[in-house]
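Colleague:
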Amino acid sequence: DNDVFFHVITIDTSLYTDKTEKINVTMPILLIRQIDDFLKDKVHNSNLFSSRSDYITKSCKQYLSYANHLAAIYNNESRFTAVRYKQSNTTDNCC
32 DNDVFFHVIT IDTSLYTDKT EKINVTMPIL LIRQIDDFLK DKVHNSNLFS SRSDYITKSC
92 KQYLSYANHL AAIYNNESRF TAVRYKQSNT TDNCC
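The number in the working numbering is simply the position in the sequence shown, starting from 1, with 31 added.
1) In angstroms, rounded to a whole number, what distance separates the CA positions of residue 101 and residue 52?
2) Have a look at residue 92 and residue 55 and give me their C-alpha separation to the nearest angstrom.
3) So residue 86 and residue 62 are in contact, right, with Cβ under 8 Å, and what is the actual spacing, rounded?
4) By how many angstroms is the C-alpha of residue 80 removed from the C-alpha of residue 13?
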């Protein structure tokens with residue numbers, strides 16, 4: 032037998048592309064100035080960041096895994112408190 036089966040599936044590839052979308056973000060003026068000063072003073076003439084948007088994008092990508100960890104700690108406050116308690120109450124700092 033030469034049975035042939037074809038399956039057609041649809042995959043949303045937009046999750047895996049680097050296609051950009053313009054958004055409007057409200058930030059404190061001081062933070063914007065600090066970012067601009069950093070980009071002007073520290074990375075001038077380097078290819079590290081191409082723009083303010085590039086800096087913010089790369090910073091967010093870098094921070095996301097850390098933020099997920101912080102959210103897990105925040106959402107389970109009792110476990111975090113217990114860990115802090117164990118670390119600070121050892122026989123070394125007891126008496």
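We put the CB at the ideal spot given by N, CA and C, even for glycine.
Modeller: Taking the coordinates as given:
1) Each residue's alpha carbon lies about 27 Å from the other.
2) Residue 92 and residue 55 have their alpha carbons spaced roughly 18 Å apart.
3) Residue 62 and residue 86 do not touch by the CB rule: their CB atoms are close to 12 Å apart, not below 8 Å.
4) Look at the range of the chain in this structure, 32 to 126, and you will see that residue 13 is not part of it.
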